[in-house]
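Asks: I'd like to ask you about the structure that follows.
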Amino acid sequence: MIEVLRNPSYAKLFSAQVIALVGTGLLTVALGLLAFDIAGGNAGVVLGTALTIKMIAYVAVSPVMSALTARLRRKPVLVSADLLRMVVALALPMVDQAWQIYVLIFILQSASATFTPAFQAVIPEVLPDERRYTRALSLSRLAYDLESLLSPVIAAALLTVMVYNNLFLGTALGFLTSTVLVLVTRFPAVPPTEPVPFLDRLTLGARIFWRTPQLRSLLAMNLVVAAASAMVIVNTVVLVQGYLQRSESDVALLLAAYGAGSMIIALVVPWLLDQVAERPVMLTGVGLLPVGLVSVAAAIALPTGPGQWAGLLLVWLALGAATSLVLTPSARLLRRASTEDNRLAVFAAQFSLSHACFLLTYPAAGALGAWMGLSVTALILAGLGLLGTVWAVVAWGPSHESAPTHPSTTTRR
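In this text, residue positions in the sequence shown follow UniProt numbering: the first is 1, and each later residue adds one.
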């Protein structure tokens, strides 16, 4: 897997991704503390609104910006988005009203909705060999999982020697470093695209999704992943501290089990995809997620004690592993279904459509958990996941992909 870092361009871009992720993790911690400073006991409302704004920006802004920037060179787009994120991070410590947080978060997440699909669309051009690209996807997945585990630890360590406002400076430094690394990276030359009406560019990614069986299946998989992830992200703290009456460290431990499952599979996926095609790998993952959600409900129903806790740790580990089975190979489908001309539109469509699923499942997981209890919520989300799984299998149809390609025989389509 590490062999892909021998490519100088990819090594710089991967470093930019990791550093920006750490900066974003610091921002998450600092934003929570800022919300508490401004709103006190209503900090949860402020944060919930900010997260909703984030998802709305991801869903609405990404396809628009991909259409607007389709004919621009990728490097200036990435640099501009990073610099805008840096400016917002520097402005956040100066706010003293909740509405100011909302405005700045919308700007920052709009910049992220521009940066991320453009960044993801560059990687297949830097690594045209599918085998190396698969290993890059695994490294990217590991980076996301490690960030979720390490950023809170780094933030906690920094908060012992500085006030929380300085964490925003760390975020800004991360985005600035990312900018510099992107600037010094050599991008492959991409021929300019023919002029296309804006409305056609705006809908291009969604149209490619709809006419491509594997991408229609990926739409359904996004829904299943969102259902399982919502249960984990929204309700882990409620389950551990509210229902089980366990400590804050146990919240971190359960989330760490989820991240560990994801990382284990991310390490295995490159080897796995050398042996089999994406279809059985991804459909196995998506089929396991509803089973995992049913297992959550079963574990909650067990008598409270060490056995129940061990069961929950195993279920969270399995949910993380199943999620990674779906997400890690997904960009290979996007790469294969796109060309240099429309790749940005396809990646932007996946970014937007996948976050639209989270916009549905996050509030549903929270509201159902408070209204009907965690066991019933897990079962309802499992039902949604089962519907999505059936849709994914039917949409993809019979397996007709060729066997995994050796690096020497990989072709680009």
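From the three backbone atoms N, C-alpha and C, an ideal C-beta is built for every residue, glycine too.
Fair warning: this is a prediction, and the values are worked out from it, not measured in the lab.
I believe V326 touches V225 by the beta-carbon criterion, under 8 Å. Please report the beta-carbon distance rounded to the nearest angstrom.
Replies: Confirmed, Cβ separation roughly 6 Å.
Asks: Pull up the distance between the alpha-carbon of A310 and that of V281, whole angstroms please.
Replies: Cα-Cα distance, rounded: 27 Å.
Asks: Kindly indicate which three-state DSSP category N166 falls into: helix, strand or coil?
Replies: Note: N166 maps to helix in three-state DSSP.
Asks: Please classify H400 as buried or exposed, where buried requires at least 16 neighbouring CB atoms within 10 angstroms.
Replies: A caution first: H400 carries a pLDDT of 49, below 50, which makes its placement in the model unreliable, though a value can still be read off. Burial call: exposed.
Asks: Consult DSSP for F351 and reduce its assignment to one of helix, strand or coil.
Replies: F351 falls in the helix class under three-state DSSP.
Asks: With a threshold of 8 Å on Cβ separation, who are the neighbours of V234 within its own chain once the five nearest residues in sequence on each side are excluded?
Replies: Excluding positions up to five away in sequence, the list reads Y362, A365, G366 and G369.
Asks: For G25, count the other beta carbons within 10 Å of its own beta carbon; 16 or more makes it buried, fewer makes it exposed. Which is it?
Replies: Buried, because 16 or more other Cβ atoms sit within 10 Å of the Cβ of G25.
Asks: Which of the three DSSP states, helix, strand or coil, is assigned to A277?
Replies: DSSP places A277 in coil when its eight states are reduced to three.
Asks: Could you have a look at G285 and say whether DSSP puts it in helix, strand or coil?
Replies: Three-state DSSP puts G285 in a helix.
Asks: Taking P76 as the reference, give the member of P329, F115, G174 and N7 with the closest Cα.
Replies: The candidate whose alpha carbon is nearest that of P76 is F115.
Asks: Just to confirm, are L92 and L34 a CB contact at a threshold of 8 Å?
Replies: For L92 and L34, yes; Cβs fall inside 8 Å.
Asks: Measure the C-alpha to C-alpha separation of T28 and A16 and round it to an integer number of angstroms.
Replies: Each residue's Cα considered, the two are about 18 Å apart.
Asks: Do V126 and Y10 have their C-beta atoms closer together than 8 Å?
Replies: Cβ distance < 8 Å, so V126 and Y10 count as in contact.
Asks: Expressed to the nearest angstrom, what Euclidean distance is found between the alpha-carbon atoms of L199 and R74?
Replies: Roughly 21 Å separates the two Cα atoms.
Asks: Would you kindly check if the distance between the Cβ of A20 and the Cβ of residue 415 is under 8 Å?
Replies: An answer regarding residue 415 cannot be provided, because it is not within the stretch 1 to 413 covered by the chain.
Asks: Look at A67 and S110 and say whether their C-beta atoms are less than 8 Å apart.
Replies: It is not a contact, given that the beta carbons lie outside the stated cut-off.
Asks: In this structure, does DSSP put H406 in helix, strand or coil?
Replies: Low per-residue confidence applies at H406: pLDDT is 37, beneath 50, and the placement is therefore not dependable, though the value from the model is reported in the following sentence. In the structure shown, H406 sits in coil (DSSP, three-state: anything other than H, G, I, E or B).
Asks: I need the boundaries of the alpha helix (DSSP H) containing F209, first residue and last residue.
Replies: Start and end: F198 to R211.
Asks: Are there 16 or more other CB atoms within 10 angstroms of the CB of M263, so buried, or fewer, so exposed?
Replies: Counting Cβ neighbours within 10 Å, M263 comes out buried, since at least 16 surround it.
Asks: With L13 and G32 assumed to form a contact (beta carbons below 8 Å), what rounded beta-carbon distance in angstroms separates them?
Replies: Their Cβ separation, rounded to whole angstroms, is 29 Å, which puts L13 and G32 out of contact at 8 Å.
Asks: Roughly how many whole angstroms lie between the Cα atoms of I107 and P398?
Replies: Straight-line Cα distance between these residues: approximately 43 Å.
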